[in-house]
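Everything on this sheet refers to the single structure shown next.
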Amino acid sequence: MKESVPHKKLPVPLIFSLLGILFVLLFVADILLGSIIIPVKEVFHSLFSTSETNETYRTIILSFRLPKALTAIMTGAALSLSGLQMQTVFRNPLAGPYVLGISAGASLGVALFVLGFSSVLAAGVFTTGAWPLALVAWAGSFLVMLLVLFVSMKVNDIMTILILGILFTSAVSAIVSILQYFSNESMLKAFIVWTMGSLGNVTKAQLSVLAPAILAGILLAFLKIKDLNAFLLGENYARSLGVSIKSSRIIIFLSTSLLAGTITAFCGPIGFIGIAVPHICRVIFKTANHLILVPAVILTGSIVMLFSDIVSQLPGMQTTLPINSVTALIGIPVIIWMIVKNKKFVSVS
Amino acid sequence: MSENNFNIELQQLSVGYEQPGGNPLEILKAINFSATPGEMVALIGSNGIGKSTLLRTLAGFQPWFSGNIQISGRNLKNISSKEVARIMSFVSTENVRVPNLSVFDLVAYGRFPYTNWIGMLSEQDKSVVDEAIKNVGLRGFENRPVMQISDGERQRAMIARALAQDTPVIILDEPTAYLDVSNKYEIFHLLQVLANEKKKTIILSTHDLNIALREVDKLWIATDSGNYQGAPEDAVLQGWLNQLFKNDHVGFDANEGEFFFKKEFKAKVKVEGEGLPLTWTLRALNRKGYQIVMQAEHDYRVVANENSWELNSKSNQKTFGSVYQLLTFLEKHC
């Protein structure tokens, strides 16, 4: 019999409180910091009173910084939650919306739109704002979701679906490469910029679409907390506990696609958050229970994304870094550290 | 639930699975098996005969081709998966490896069919879980991570999970695979107690035939040439155990109640002695492929004493201090 150490756990409410404080601090910092650093006093004036406000600060905060911070929060929450759900359902620690091909679907939509049409149309893409771009990306990811749903109804084997997702991703990047090869320089740049991801292009009007979609995805995930726990034991056990595998899987996929698809549509493909954050939460909370993990990844994902956003703004400087590079540089070391530290990383279940 | 009699009946059942390409492959056909509450049943058969498929079908995981599965008179097809979860629990061969999952949390999965939409455990649920953990002898292990306990302990935890599910029927696919001998016996004994005392129907598949013959109430035997159900002793008397393997080299010794490997005999040995030394000397010679003879002419004669073994042959006589030395000498000179 191996000696084993019982769990040493910090109380869950304490961890949540600490993360909550960190969340508030980063949220405020994200609004204060940027190319122009805004004094704390002005933030409160802008938010809570109409008089004695510097109009420039007010515009920056309400039209740019606040929507961007809210977008960061929703992006982090959505990608992390969809990653958690995929890892649990596929019982694979490297699963995520990317592996399923949902992001690839979004990319295909954008690539077809930006690169595939005539330059006349493409020129209009960025003058009409990000809306058309977002819609085609949304359509693309939704299409893949339907494809995955269809396959998952025909095929019972979860690994087959995973492999199909990988193959689909490869096929899409092949098509995108061809489109890039035949497109002109300005269209190419527009597309490349989108692939780098951006939290700053989301307007208040777009937020009113983004927010309900993300909330709906989160709600679906909460409804499936119990089933997610059952999936950890594998499909056989889940079924023997009375879980209706197919319908449960469809709702979880719907939630995942809604979360990841919406974010990809509005902010571009933002990687590694979906894989890294659930692992960070498992380490911090030392639990497998989704009743804790679901709110935990929502909070932690928001924190990581707010932090990434602050870094990408390079406070005090005029330029910004692409958010996708920042999340990669933050996420990849976490994943490497996980693999090295925990050799049992190869299976979450 | 226990006021109902959860009799299980497999009537002319044919099971199998869809092959890639859509061709159905029938593996077991015309099965007529049954089990009643308080019975412990072992499904035995050679590798690949379809034991797992039959158990998975019985648990409602996959459809069957023809025939019927009746549970207290109702067709399994007409029972919803939520209701099945309150009638049958399942323990598979799958090794559950979930990081950060404690033994208590694993066993608590058994309460899944009874908890609310978010899976909150009531005080009653918690006491059922504690009781199940106590029943399998894992008290004190509640907070251990399941990744860090031994295979035997994990198998007990999985059985505790099935117990916590509080179903009249428990189905276990090879619950004693990967376990050492003492753990095999303990798991069988534990299941026997559960069947007897809690009047549960326990259906398991196993390759530990020697233990199964001693512990179970009923055998379900699946072979290429037909299926049989009955008390282990009836199965022996009717010669079913000899038909278990297609292999010509393995046979069942009805006198010993054990399986043996048929070997070419090297030499004829007559053994004299009594008690344990005689028994184990016979076993040793048997293992090495010597034919044991009583009165007939022999190549060697061995006298087994308490601490010495005397070997007589036509040419010489020798004495050894252990069975090992005796065998070594025989191997060299035979």
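Residue numbers (our numbering), protein chains in the order written: chain A, 803 to 1151; chain B, 56 to 389.
All C-beta atoms, glycine included, are put in the ideal place defined by N, C-alpha and C.
None of the values given here were measured: they were computed from a predicted structure.
To which residues of the same chain is residue i closer than 8 Å at the C-beta, ignoring the five residues directly before and after it?
| i | result |
| --- | --- |
| B/L156 | P200, V201 and M202 |
According to DSSP, is residue i part of a helix, a strand, or is it coil?
| i | result |
| --- | --- |
| B/Q372 | strand |
| B/V183 | helix |
| B/Y283 | strand |
| A/F1087 | helix |
| B/K321 | coil |
| A/I1065 | helix |
| B/N78 | coil |
| A/T1005 | coil |
| A/S848 | helix |
| B/F314 | strand |
| B/V326 | strand |
| A/F1074 | coil |
| B/P200 | strand |
| B/A351 | coil |
| A/M1119 | coil |
Count the other CB atoms, across all protein chains shown, that sit within 10 Å of the CB of residue i; report buried if there are 16 or more and exposed otherwise.
| i | result |
| --- | --- |
| A/H1081 | buried |
| A/V922 | Below a pLDDT of 50, predicted positions are generally treated as unreliable, and A/V922, at 49, falls in that range; no measurement from the model is reported. |
| B/F196 | buried |
| B/H304 | exposed |
| B/S237 | exposed |
| B/R166 | buried |
| B/T395 | Any property of residue 395 of chain B remains undetermined from this structure, which presents chain B solely from 56 to 389. |
| A/C1083 | buried |
| A/V842 | exposed |
| A/V946 | buried |
| B/K255 | buried |
| B/P230 | buried |
| B/P17 | Any question about residue 17 of chain B goes unanswered here, given that chain B covers just 56 to 389. |
| A/V1142 | exposed |
| A/K956 | exposed |
| A/N1031 | buried |
Does the Cβ-Cβ distance between residue i and residue j come in under 8 Å?
| i | j | result |
| --- | --- | --- |
| B/G174 | A/I1027 | yes |
| A/Y1039 | B/S147 | yes |
| A/F829 | A/A879 | no |
| A/N1003 | A/P1071 | no |
| B/E81 | B/F120 | yes |
| A/A874 | A/A908 | no |
| A/Q1115 | A/G836 | yes |
| B/Y345 | B/F320 | yes |
| B/S89 | B/I63 | yes |
| B/S136 | A/R1051 | no |
| A/F1068 | A/I1134 | no |
| B/D160 | A/N1091 | yes |
| A/G1019 | A/L881 | no |
Verify the CB distance criterion: does residue i have a CB-CB separation below 8 Å to chain B?
| i | result |
| --- | --- |
| A/I1077 | no |
| A/I1027 | yes |
| A/L948 | no |
| A/N1091 | yes |
| A/Y1039 | yes |
| A/G1044 | yes |
| A/G1073 | no |
| A/P808 | Bear in mind that a pLDDT of 45 at A/P808, under 50, signals an unreliable position, so the number given afterwards is only what the model happens to contain. Yes, its Cβ sits closer than 8 Å to a Cβ of chain B. |
| A/R1051 | no |
| A/A1032 | yes |
| A/G907 | no |
Examine chain A for any beta-carbon lying closer than 8 Å to the beta-carbon of residue i, and answer yes or no.
| i | result |
| --- | --- |
| B/V224 | no |
| B/I126 | no |
| B/V151 | yes |
| B/V139 | yes |
| B/W172 | yes |
| B/S136 | yes |
| B/A219 | no |
| B/A114 | yes |
| B/L259 | no |
| B/D308 | no |
| B/Y164 | yes |
By Cβ distance below 7 Å, which residues in the same chain neighbour residue i in space, the five residues on each side in sequence not counted?
| i | result |
| --- | --- |
| A/L902 | M888, V950 and G967 |
With a CB to CB cut of under 6 Å and the five nearest residues on each side skipped, what residues in its chain are close to residue i?
| i | result |
| --- | --- |
| B/T91 | N62 |
| A/A1062 | S884, P899 and I904 |
| B/E270 | F243 and Q247 |
| B/P287 | L268 and L274 |
| B/N367 | R356 |
| B/K323 | Q346, V348, H353 and D354 |
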